[in-house]
Amino acid sequence: MTDISHPAPNFDRDTIAALLLEHWNLKGDLSPLESERDQNHRLDAEDGTRWTVKVVNASEPETETGFQTAMLKHLAVSSLDLPMPRLRLSKDGGATQSVVGPDGAAHAMRVVSWVPGVPLAETQREDGVVASLGTLLGKMDKALRGFVHPGALRSFEWDLRAAGDARARLSAIGDPDQRRVVEYFLDRFDRIVAPQLAGLRAAVIHNDANDWNVLVDPEDHSRVCGLIDFGDSLHTPVIAEVAIAAAYTIMEVPDPIGATADLAAAYHAEYPLEEGEVDLLFDLIAMRLVTSVSLSALRKEETDDNPYLAVSEAPAWNLLYKLYGMKPSFATANLRKACGFDAVPGAWKVAAFCAKNRNSFAPLFARHPKLMSKALVPYADPENEMTVTSRDRQPEAAQEWWEEYCEVHGVELGIGPWGESRSVYSSDFFESRFIEGERRRNHLGFDLFLPSGTRVCAPMDGKVRSVVIETDPLGYGCMIALDHETDCGQPFVSLWGHMAHEAASRLSVGDVIKAGETVGYLGAEDENGGWAPHLHLQLCADVSLSAEEILGVGEEKYLDVWADLFPSAIDFAGLPQETLGSTGRSVSDIVSSRRQNLLPNLSISYSKPIKFVRGEGAYLIDHRGRAYLDCFNNVCHLGHAHPDVVEALSHQAGLLNTNTRYLHDNIVEYSERLTATLPDDLAVASFVCTGSEANSLMLRMAEAHTGRRDAVVLDWAYHGTTPELIALSPYKYKRNGGKGRPDHVFEAAIPDAYRAPADWAPEEITARYVQSVAEQLDLMKKQGRALAFFIAESIPSVAGQVFMPDGYLEEVYKLIRAEGGLCVADEVQVGFGRIGSHWWAFETQGVTPDVVTMGKPIGNGHPMAALVTTREVAASFNNGMEYFNTFGGNPVSCAVGLSVLNVIERDGLRENARVVGDYILSGFRKMMEKYEFIGDVRGMGLFLGIELVKDRRTKEPATDMAKRIANRAKDLGILMGTEGPYDNVLKMRPPMIFSKENADYLLNVLDQAMNESVSALETM
119 MTDISHPAPN FDRDTIAALL LEHWNLKGDL SPLESERDQN HRLDAEDGTR WTVKVVNASE
179 PETETGFQTA MLKHLAVSSL DLPMPRLRLS KDGGATQSVV GPDGAAHAMR VVSWVPGVPL
239 AETQREDGVV ASLGTLLGKM DKALRGFVHP GALRSFEWDL RAAGDARARL SAIGDPDQRR
299 VVEYFLDRFD RIVAPQLAGL RAAVIHNDAN DWNVLVDPED HSRVCGLIDF GDSLHTPVIA
359 EVAIAAAYTI MEVPDPIGAT ADLAAAYHAE YPLEEGEVDL LFDLIAMRLV TSVSLSALRK
419 EETDDNPYLA VSEAPAWNLL YKLYGMKPSF ATANLRKACG FDAVPGAWKV AAFCAKNRNS
479 FAPLFARHPK LMSKALVPYA DPENEMTVTS RDRQPEAAQE WWEEYCEVHG VELGIGPWGE
539 SRSVYSSDFF ESRFIEGERR RNHLGFDLFL PSGTRVCAPM DGKVRSVVIE TDPLGYGCMI
599 ALDHETDCGQ PFVSLWGHMA HEAASRLSVG DVIKAGETVG YLGAEDENGG WAPHLHLQLC
659 ADVSLSAEEI LGVGEEKYLD VWADLFPSAI DFAGLPQETL GSTGRSVSDI VSSRRQNLLP
719 NLSISYSKPI KFVRGEGAYL IDHRGRAYLD CFNNVCHLGH AHPDVVEALS HQAGLLNTNT
779 RYLHDNIVEY SERLTATLPD DLAVASFVCT GSEANSLMLR MAEAHTGRRD AVVLDWAYHG
839 TTPELIALSP YKYKRNGGKG RPDHVFEAAI PDAYRAPADW APEEITARYV QSVAEQLDLM
899 KKQGRALAFF IAESIPSVAG QVFMPDGYLE EVYKLIRAEG GLCVADEVQV GFGRIGSHWW
959 AFETQGVTPD VVTMGKPIGN GHPMAALVTT REVAASFNNG MEYFNTFGGN PVSCAVGLSV
1019 LNVIERDGLR ENARVVGDYI LSGFRKMMEK YEFIGDVRGM GLFLGIELVK DRRTKEPATD
1079 MAKRIANRAK DLGILMGTEG PYDNVLKMRP PMIFSKENAD YLLNVLDQAM NESVSALETM
């Protein structure tokens, strides 16, 4: 081991000048430089050059002197651009010269170029200087890779591998408090660092980038321009380079860990560090300081005249105390993050797991929080009354303000976001341990405000880790910690703060809490730490931390680090990100702009319009993060934003989108797949963009095939938006703005078994409704007209979810075909397996139409539609005029259509529609026993309706009741519509992915809405 206590050389200035002239032919002025073991001078040569002259300590072995020479030579060749000393060879070409000191001892003497600059120790730390040093050291150590020399294989007190030797110097530290701090780091070194040293990557490093050896640009103190004094270089763990540089560079800076992170990140960018190296960096920095202060204490009396040893003692102690006050794992998390690693290994897996499972976690409360109306609690506003009263420890006043706000704005659930800056954290407890003069203000949990006593449930299985009751003002009160594990085995912890104290006696460490089971209850102000009642829900990816060590409030500067360690629990709580707010215009602004710029007869649903910003599965999500279970919008057949459809669309759109005049696989493959779902005779497809286009194309085909245009339709039917289709739609032409039934359209009765006249025997209903069609055909003949086609939705939708009596279409089709007309099935609303038992609703009637039109669900929200017909009808349409639709059948649309078919088949969605639909119908029938105003329930698969009446005998429509229930359901988070000639049928067409869980919520909300409506009527 190098003897650092051996006296330094003591040549007089004249002797050194003579040696320089003799061996290097250099003359000039010499100025002494401080050194711990060697004797150094600066030479201002007569030729204007400057040099550093070193007389090496006599105790230094020749191999070590040779090592430094070889190292400088290596860097001179491998890194010409690095600002460091270059060797001046002697007259005889040697790098060193042996000289004899006054005491007769032999010394090596070396001359290297003077590196201009100002020692970092003499400057204020400017922004960028630490990173600049990291860059320089990273480049240098990268250049030293592979360099070896026998003299590098040495050890001495400044080798961090020997840092544990400081324990032998503890007695030299007189202050007991200082000794306690040093012992703390020594214990950590022995326990954590020393066992890992042998496994660390090792190489030759500078080993002494202290702030006197680091030079900065005199004109720009943010730029390191030189590194000097390679006397302590050796072969040792690479990470020691960063640790030693940090130990000196971060002294007396407000944010030492932030400065270290800058240094490490810059070094890492040039010469990548390994995770295991970064994990030990904090302790190695501390141990460099421990080495420094313990050596200084030991040698104070011996070398009192050598200021070099004591120059950084006070700042070193200050920094040691700062590091002592920090949580090492938090400091390491910062350093890991700065180098591009997870703040704690596997942290990303926790956040990814929660994001992936957000929609499958059990709800936190009896009613899922995503379905509640929400608002942010105003803790971000330091002047808000709730903030002020909470800060002043007046929880009752804070709760009173919040309750009034909720009452006025219709808010059910308050949200306190992760990362929010809050002024409520006012006590000394929240002073930062990392950044001098800063406070911790940023909330690292996720708050949910509900009344005290609210039952709180586990989103997933967990095991009780601890139950602690804190008594600190504005603390957690009762705090429960649960252990969890992701599906890939990554452990994490959930923390539940501000709970009622009952949990302390009910729960024991090791208890298993299953998903959906009770964790606890929200505590009142007198047991929750003195807050307005709420749940502080927090996740922790570092399972080494106890519940008390989990940081609930952190520094804003380190939010990216805290996000790894303590990821937001918003996904764990099952809440959409929009809960935290969304961009875009306000509701009132959008309404105003629509009135100004869009057609005035473009309607808006609900008296209080909803601004939806995203769809997800069976839910639509508004701009405030409230999710609505969508039981109405049947366009998104597979659920909103189905990933398979999104992928198919985006992939094909990124390749090609063109028209049908060019060949492409997608259109032929889709036509094959689509027609395969239909009876054999329906074999020719054409693709368009909307259901209206499909029905318009049908009109052209019918006229081309029959030479006629007269049609029979069903009352209250709707077939499209174009003039010729409005003419076929009593739902339109009989209402406001309609012009009545055109002469070429003949209107048969809706085959509604429920509303059949009372004097019709049940077995006569089918025939009676068929007779209505026959009468229209007779009327047509009497007027000298001839039939072109009969069109009907296979289950009339806007007519009120009407299911045709058995055999109806079979008999009607016979009549139509006898007159030479075409039978057209409009499956725009009911097709693609919605009814569960079949792909197409017309199949339930045992018929095969001549033309089928399709739309809405065909593309799961993508604008596409189709018509499929027989070869005979297609041949008639082929009259010499080209049929071309610019966008119909394009590759993107066909890719989307294929993905819809794939998902229906792969996921068994027809069977799901049948099973869940039957389950819902069973629930409807139970409601019918409870509520007299339910006149009829009907449905097949996921095409459902409930008809409301004032009197079951007279069947007088309960239109107001239907509207009241639909609106109340919306308030409770369910979207449904009202339909039928009297607008008294509750209409539900949920997506094919609708689950029994979704069905239960639908049934519960309907029951609540109906019960409230009855109560409201009784009090009127």
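By the numbering used here, the letter at position 372 of the sequence shown is numbered 490, and the numbering carries on one by one without gaps. By construction, the Cβ of each residue, glycine as well, lies at the ideal position given by its N, Cα and C atoms.
>> Since V408 and L304 should fall inside the 8 angstroms C-beta cutoff, what is the C-beta to C-beta distance between them, to a whole number of angstroms?
In response: 7 angstroms
>> So, for E556: in the same chain, excluding its five sequence neighbours on each side, which residues have a beta-carbon less than 7 angstroms away from its beta-carbon?
In response: S550, E673
> How is I1092 classed by DSSP in three states: helix, strand or coil?
Replying inline: strand
>> Alpha carbons only, please: which of L441, L288, P841, L482 is nearest the one belonging to S414?
In response: L288
>> Measuring only the C-alpha atoms, how far is A766 from N752?
In response: 20 angstroms
> Is F1197 helix, strand or coil by DSSP?
Replying inline: The chain is shown from 119 up to 1138; residue 1197 falls before or after that span and cannot be answered.
> Under a Cβ-count criterion, where at least 16 other Cβ atoms within 10 Å of its own Cβ denotes burial, should W878 be classed as buried or exposed?
Replying inline: exposed
> Which full runs of the beta strand (DSSP E) of 3+ residues lie inside the segment 1033-1096, going along the chain?
Replying inline: 1052-1058, 1061-1066
>> According to DSSP, F307 sits in a beta bridge with which residue or residues?
In response: Answer by DSSP bridge pairing: none, since F307 is not bridged.
> Starting from W520 and walking both ways along the alpha helix (DSSP H), at which residues does that stretch end?
Replying inline: 513-527
> So, do the segment 508-516 and the segment 717-728 have three or more beta carbon pairs nearer to each other than 8 angstroms?
Replying inline: no
> How should A1134 be labelled, buried or exposed, when 16 other C-beta atoms within 10 angstroms of its C-beta is the threshold for buried?
Replying inline: exposed
> Beta-carbon separation of L207 and A194 under 8 angstroms?
Replying inline: no
> DSSP three-state call for V233: helix, strand or coil?
Replying inline: coil
>> Buried or exposed, going by whether 16 or more other CB atoms sit within 10 Å of the CB of P1009?
In response: buried
>> Once the 5 residues before and after R1028 are set aside, which same chain residues still bring their CB inside 6 angstroms of it?
In response: G951, G954
> When DSSP builds the beta bridges, which residues end up paired with D338?
Replying inline: D335
> Roughly how many angstroms separate the alpha carbons of S410 and K467, rounded to a whole number?
Replying inline: 41 angstroms
>> Let's test the definition: count the other Cβ atoms within 10 Å of the Cβ of H527 and tell me whether it reaches 16, buried, or not, exposed.
In response: exposed
>> Please classify C606 as buried or exposed, where buried requires at least 16 other C-beta atoms within 10 Å of its C-beta.
In response: exposed
> Skipping 5 residues on each side, what residues in its chain have a beta carbon closer than 7 angstroms to that of A1076?
Replying inline: F1051, L1066, V1067, K1068, N1102
> Secondary structure at K974, three-state DSSP: helix, strand or coil?
Replying inline: helix
> Given that a residue counts as buried once 16 or more other Cβ atoms are within 10 Å of its Cβ, and exposed if not, what is Y439?
Replying inline: exposed
> For G656, which residues does DSSP report across the bridge?
Replying inline: Correcting the residue type first, residue 656 is Gln in the shown sequence and not Gly. Per DSSP, L613.
>> Starting from R583, trace the beta strand (DSSP E) in both directions and tell me its first and last residue.
In response: 580-587
>> What does the Cβ neighbour count give for I91, buried or exposed, with the cut at 16 atoms within 10 Å?
In response: Because the chain here runs from 119 to 1138, residue 91 falls outside it and cannot be looked at.
>> Quick check: what's the CA-CA separation for A456 versus S196?
In response: 28 angstroms
> What residues match up with D210 in a beta bridge as DSSP calls it?
Replying inline: Answer by DSSP bridge pairing: none, since D210 is not bridged.
> Going by Cα to Cα distance, which pick from H741, D762, G733, R742 is closest to C749?
Replying inline: G733
>> Are the CB atoms of V462 and A659 within a distance shorter than 8 angstroms?
In response: yes
>> On the DSSP bridge list, what partners appear for A943?
In response: A910, V970
> Are three or more beta carbon pairs between the segment 235-250 and the segment 172-186 nearer than 8 angstroms?
Replying inline: no
> Could you give the residue range of the beta strand (DSSP E) that holds W169?
Replying inline: 168-173
>> Count Cβ pairs between the segment 386-404 and the segment 317-336 that sit closer than 8 angstroms; are there 3 or more?
In response: yes
> What are the boundary residues of the beta strand (DSSP E) that Y639 is part of?
Replying inline: 636-639
> Can the beta-carbon of Y849 be found less than 8 angstroms from the beta-carbon of K857?
Replying inline: no
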